[in-house]
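So for the sequence shown, the working numbering puts the first residue at 2; every next one is plus one.
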Amino acid sequence: MSAMDDFAEQMAQWRTQGQYRQLSMMQHDGIYVWTDQRRLLNLSGNDYLGLAGDTALRERFWAETGGRYALGSASSRLLTGNDDTMTALEHKLAQAYGGRAALLFNSGYHANSGILPAICDRNTVILADKLVHASLIDGMRLSAARFVRYRHQDNLHLRQLLARFADESHVKRIIVVTESIFSMDGDVTDLRQLVSLKRDYPQVMLYVDEAHAVGVRGNQGLGCAEEQGVLNQIDILVGTFGKALASMGAYVICHPILREYLINTARPLIFSTALPPVNWAWSGFVWTHVVTMQSQRQHLKTVGQQLRAAVALLAPHASGSHIVPIMVGDSAAAVAKAKRLAAAGFSVMAVRPPTVPARSARLRISLNSQIQWAHLTPLLALLADNAGGR
Ligand SMILES: *Cc1c(COP(=O)(O)O)cnc(C)c1O
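This is the structure in structure tokens:
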């Protein structure tokens, strides 16, 4: 069989399993998206503060910067690609995070797939939550470390693994890897408990991905570590600019020595052209704005609580955030439900394996701070109907 026949056959199989993916065309229009000439309330994005569609903010940026910034950086930061938009943004981040060091990456994917291989050797063990993002899994796979996954949010399991590996004489370092808000479940990690592990196991470093919490949680929007008062105890804190910050890129907050070490070792940083100066300038511009968006964060929190309470009546979920899953189980059924919701004017993503574990396909509702409770009440009626019809 030819290679193309092979691939086509595989995809036909995915179609029958409801696991086939395809690109769809979307036009953004405030809290709505247009697709197939129909307007849907967008409940599937990551634009948690509605800034990607904020044309006034964008126009202010263009007016203030007047086309001053280059649209390409022409090389990696290690060569000639470093400029003051990058160092100024790192400085701004370092100040926000209480004087710790900040290092930029081109994306969260670059950061997560690059940092773990850079800091691990054969004497490192990685203990990662079972549901961490694909970029972290790729980072683990590329690293020389031994890695074990602990059951999702199961600190007892994590402690058992720690006790076991801490006793092995060749194990120099143990890196505990998790997310602060899980992208597909919306549940919030108890970072204080993880920090307390470091008292019992001094060889532990904590690596926390805050991609879904930056801009959204904490008084200044620094994430769950700010909210839980543990900013200084997270050894490696990754934030991204692509979601609530409506830009592109990522950063790690860490010790200045680790920052220097990563500049010497993180391959995505060394071997990829830096994002253009205009992008970093925009990220910095948005950052300054986001720090002040307390009322929007509060609103998002309130609507999130209302939605979670309402869907808890239909199906159990563990969410503690603005991301609220509705578990379906079967992939094809999840896709069918998402289609029905779309027909009624709601864009809700059906998330299926392999993005989530087998048999745990779900509808993932993600809110943003511009959505009002009244927008959601017709959706709840539909979901209740659906639940009844099963
Ligand atoms: C989106 C996401 C990433 C990847 O970030 P990008 O900047 O989009 O590459 C990493 N981790 C988590 C948890 C994410 O949700």
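The C-beta atom is built at its ideal place from N, Cα and C for all residues, glycine as well.
Pick helix, strand or coil for residue i, following the three-state DSSP scheme.
i	result
residue 341	helix
residue 169	coil
residue 138	helix
residue 215	coil
residue 66	helix
residue 1	The displayed coordinates of the chain run from 2 to 391. Any statement about residue 1 would go beyond what the structure contains.
residue 203	coil
residue 297	helix
residue 365	strand
residue 54	coil
residue 275	coil
residue 225	helix
residue 7	helix
residue 18	coil
residue 110	helix
residue 71	coil
residue 190	coil
What is the C-beta distance between residue i and residue j, in whole angstroms, given that I count them as a contact (C-beta under 8 Å)?
i	j	result
residue 351	residue 364	6 Å
residue 327	residue 316	6 Å
residue 52	residue 348	Not a contact, Cβ separation roughly 18 Å.
residue 177	residue 234	About 12 Å; that fails the 8 Å criterion.
residue 263	residue 359	Not confirmed; about 35 Å, so no contact.
residue 74	residue 278	6 Å
residue 115	residue 140	7 Å
residue 189	residue 321	4 Å
Going by other Cβ atoms of all chains shown within 10 Å of its Cβ, with 16 needed for buried, is residue i buried or exposed?
i	result
residue 272	exposed
residue 8	exposed
residue 130	buried
residue 25	exposed
residue 125	buried
residue 80	exposed
residue 1	Only positions 2 to 391 of the chain appear in this structure, which leaves residue 1 out of reach.
residue 76	exposed
residue 6	exposed
residue 269	buried
For residue i, which option in the options has the closest C-alpha, if you only look at C-alpha atoms?
i	options	result
residue 266	344, 25, 112, 313	112
residue 374	257, 173, 314, 44	44
residue 236	218, 243, 124, 256	256
residue 29	61, 303, 16, 47	47
residue 185	318, 65, 38	318
residue 106	238, 147, 61	238
residue 372	201, 299, 263, 5	299
residue 214	188, 182, 72	182
residue 32	56, 14, 19	56
residue 92	254, 225, 153, 270	254
residue 282	164, 134, 36, 88	88
Does residue i have its Cβ less than 8 Å from a Cβ in chain B?
i	result
residue 115	This model lacks chain B altogether, as it is built from one protein chain only.
Is the beta carbon of residue i within less than 7 Å of some heavy atom of ligand 3?
i	result
residue 358	Questions concerning ligand 3 fall outside what the structure shown contains, since the ligands it does hold are ligand 1.
Task: Residues proximal to ligand 1 by C-beta, any heavy atom closer than 6 Å - done: In chain order, the residues with a C-beta atom nearer than 6 Å to some heavy atom of ligand 1 are 108, 109, 110, 113, 134, 136, 180, 184, 210, 212, 213, 241, 243, 251.
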